[in-house]
Every structure is written in C-alpha cells, then in structure tokens.
Ligand SMILES: Cc1cc2nc3c(=O)[nH]c(=O)nc-3n(C[C@H](O)[C@H](O)[C@H](O)COP(=O)(O)OP(=O)(O)OC[C@H]3O[C@@H](n4cnc5c(N)ncnc54)[C@H](O)[C@@H]3O)c2cc1C
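Numbering (our numbering), first residue to last: 4 to 370.
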C-alpha cells in the first residue's frame, strides 16, 4: 500500500527503488501483468485496498504522514483525492473518465527520452547548422531530475537561437549544393506519397504496422531489458523496415501517418541497437531500466528465481554510446569517452566582456 502511494510521486522507474520493497516494484508488477500475462491493470479509486481489513496504521510513516498533514486520513481514495486534488478528478472527467464511477486503466510509460541526437554545447548536431532542440537532443543523460526537462528544452532553444543569430556565418554548402540535395530528398518523398496515394484499403494496415513496432518496444525496449530478447527484437525490427512498402492506408488523410511510420520504424531500430550494444558491453540496471540476469539480484522473493537483475556496471559511466546508420541500412554503435566537466576558472569580467562583444557565441564545442 505504501508503494502504491509513493508511486504517485516516485517516478520514473528507477532500479535503485527496487530493493527493500521500493516503489519501482509496482512497475515490474505492471509489466508482468500487461506484457508477460497479457492482462490489463486498473486503479480503482472507489475502494481501499484489502477491502474491510484496510487500516491507515499499516502504512509506512512517509505515506501516513503525508495523508495526516493533508488532513486526509479518512474515506476511500476518491474521497481523499477530492479533498487533496479535485482538479485531477476534473481532468479525467474532461477526458471521459469518471473516477467516481469506474476504474482507471494504467500502464508504464516513458518519462523522458534519456539519450537522443548528438549535440554540441549550442545544441547543434553533427550536421552543421541543424539544431535538434528539446528532448530529441541527447542532453538528458542517464538520469534527469524531475521537473528540469522543460527548463532544459527552453535553455537549449535559447542557446541555439543565440548561436544562429550571433555565431559564425560560414556557408558550409553552396546554395546550389543545398538545392540539389533538397530536390533529391523532395523527389524521394514525393515518390512515397504518390505510391501510398494509390494504396487505399479499409483494412488500414498502416495502423497495425505502427502497433507492431510499438508493441515490440513495450516488450523489449522499455523498463525491462534482456540481451537475447533485444537481439531478436532488433532482427525483427530490420525485417519490419523492409516491409514498409507493404502498408495500406485507410484514406488519403492518413498519408502523414504513414510518413511518420517511416521515421518511427527507423528510430525504433536505432534505439534497439543502442540498447543491444549497451547490454553486450556488460551494461547493468541504471537510469530507467532493469537488466535481467539469471545470476543477478532477486527483484522480489515472492516472484521467484526468474526475476533477477544485474546491478549497474559503474565503469560505463565514463563513456558515451553513439549509434549511426551505417552501410546496408543497419545501425552501428561505438563507444567514446564522455566529455569531462570543465575545470577552467571563468573570471567574470572576462566572460562578461566576451559576451558583450559576441565572442562567446563563436566558441566551438564537441558533438
Ligand atoms: C508524464 C510526464 C510528466 C512530465 N512532467 C514534467 C515536469 O513536471 N516538469 C518537466 O520539466 N518536465 C516534465 N516532463 C518532461 C517534459 O514534458 C518533456 O521533456 C518536454 O515536454 C519535451 O518537449 P519537446 O518540445 O522537446 O518534445 P515534445 O513535447 O515531445 O514535442 C515534440 C513534438 O514533435 C512532434 N513530432 C514527432 N515526430 C514528428 C514528425 N516526424 N513530424 C512532425 N512532428 C513530429 C510530436 O508530435 C510532438 O508534438 C514530463 C513528461 C511526461 C511524459
């Protein structure tokens, strides 16, 4: 009961919150129900757990004191929610879910993209003058303190704008080169649009095409990871990319959907390759995932021997994994040392002077 309570603010999934009945056990249990057993999981706000034998005195102090300080040691979960956060009930009501009348289906979802495209200190990618700002930029690292993601995206956007406005104005490609490349890409896209415009079929296999890679990521690329399964999933992912042209759309309005599928199916293979490379290097549980290992620590005694996980391999804190699309349209991964935390003394007068003269925006950084 304490874990169910803590799960309300102890997210995302964290392997450090598995031992001693930590709250991330809830995410493992939900995975077992939904993925392993193919069931659905609900939160029922209309009744307390354990029915008649529920007692607030059985809660651990953290949960008990929270409810006590909120004057909420009474009633059912929905009655407590009504007192502590009625807007939450309204939000669900606006989306057609009445928590007073029905249970709420739950699943584990990703809080952040921990990783992403390589970028410099200006959020500039390895393609010069292309700035992937926000969560798509790999600036989040393995852990991201809750509440700091939006700030990070905004700071990145500001820095990218400063660099674009005030940084070096080198033309790394001529206008002719750019036009030629853009026209070629435009033609490729036009060809895809034309092909799919003639592939209309109410069975709408583009939707099931998407469900296929979504389910693969839920099963093998989410918070529970296992090397053999990831290797197999990666093979299947490449197989699905090869079947891209077999999709049909329900109507022409679905053309953008199929173009999104084109990016998403490629991206899911990239993520699976990165996960595979990390596990193959001996990577253990960290960030927001658990790495399964027959000889590792038990998740929970009552779950039996199949649920064992490998602790973090701290050596891998010093390296960064980079994955690129290589030959034969297969992704390739390589390791490189992480950028050290800068040690130089930055004297205010000098830094401020450089800022005023705009020199700061000329600074280059590694991707
Ligand atoms: C449940 C939850 C709670 C969170 N709580 C907090 C919090 O309290 N504080 C905090 O700081 N952060 C929080 N975060 C994280 C924060 O919300 C995200 O980091 C942030 O919203 C990312 O912003 P973004 O603009 O980079 O990406 P997004 O908001 O994901 O925007 C990307 C956009 O690109 C669109 N897109 C994708 N592919 C294509 C394509 N091929 N063509 C066209 N468009 C495309 C998507 O539809 C989307 O609209 C939370 C995240 C989650 C999931």
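Where is the CB? At the ideal position from N, CA and C, for every residue including glycine.
Query raised in the report: For residue 339, which residues does DSSP report across the bridge?
Result: Per DSSP, 323.
Query raised in the report: Which residue from 226, 244, 348, 253 puts its Cα closest to that of residue 208?
Result: 253
Query raised in the report: Going straight from the alpha carbon of residue 340 to that of residue 281, what length do you get?
Result: 14 Å
Query raised in the report: The beta strand (DSSP E) spanning residue 249 covers which residue range?
Result: No beta strand (DSSP E) holds residue 249; DSSP gives it neither H nor E.
Query raised in the report: Short check: CB of residue 292 to CB of residue 226, under 8 Å?
Result: yes
Requested in this report: Run the CB neighbour count on residue 24, radius 10 Å, all protein chains shown included, and call it buried at 16 or more, exposed below.
Outcome: exposed
Query raised in the report: Given 8 Å as the limit, is there contact between the region 41-50 and the region 13-22, that is, 3 or more CB pairs closer than that?
Result: no
Query raised in the report: What is the DSSP secondary structure of residue 54, reduced to helix, strand or coil?
Result: helix
Query raised in the report: With respect to the alpha helix (DSSP H) encompassing residue 30, which residues constitute its N-terminal and C-terminal limits?
Result: 28-34 is the span of the alpha helix (DSSP H), which, as asked, contains residue 30.
Query raised in the report: Which runs of the beta strand (DSSP E), 3 residues or longer, sit entirely within the region 161-249?
Result: none
Query - Beta-carbon proximity list for residue 61, same chain, < 7 Å, skipping 5 on both sides - result: 4
Query raised in the report: Would the C-beta of residue 13 count as close to ligand 1, meaning under 7 Å from any of its heavy atoms?
Result: no
Query raised in the report: Between residue 237 and residue 284, which are expected to be in contact by the criterion C-beta below 8 Å, what is the C-beta distance as a whole number of angstroms?
Result: The Cβ separation is near 15 Å, so there is no contact.
Query raised in the report: Mind pulling the alpha helix (DSSP H) runs of 4 or more residues that sit fully within the region 70-155?
Result: For the region 70-155, whole alpha helix (DSSP H) runs of length 4 or above, ordered along the chain, are 80-87, 89-97.
Requested in this report: For residue 19, name the three-state secondary structure that DSSP assigns.
Outcome: helix
Requested in this report: Measure how close the beta-carbons of residue 123 and residue 361 come, nearest whole angstrom, since I'm counting them as under 8 Å.
Outcome: Wrong, their Cβ atoms sit about 18 Å apart, outside the cutoff.
**Report entry** The beta strand (DSSP E) enclosing residue 269, as first and last residue numbers
**Finding:** Segment 258-283 is the alpha helix (DSSP H) holding residue 269; no beta strand (DSSP E) there.
Query raised in the report: Measuring from the CB of residue 114, is there a heavy atom of ligand 1 at a distance below 7 Å?
Result: yes
Query raised in the report: Touch check for the region 114-131 and the region 162-182: three-plus C-beta pairs under 8 Å?
Result: yes
Report task. Could you tell me which of 152, 29, 16 sits nearest to residue 306, measuring between CA atoms? Result -> 29
Query raised in the report: Which residue from 120, 172, 164, 115 puts its Cα closest to that of residue 150?
Result: 115
Requested in this report: With a threshold of 7 Å, establish whether the CB of residue 151 neighbours any heavy atom of ligand 1.
Outcome: yes
Report task. Could you pull out every residue in the same chain whose Cβ sits closer than 8 Å to the Cβ of residue 255, ignoring the five residues on either side in sequence? Result -> The residues are 200, 203.
Query raised in the report: Can you tell me whether residue 193 is buried or exposed, with buried defined as 16 or more other CB within 10 angstroms of its CB?
Result: exposed
Requested in this report: Select from 223, 294, 127 the residue whose C-alpha is nearest the C-alpha of residue 275.
Outcome: 223
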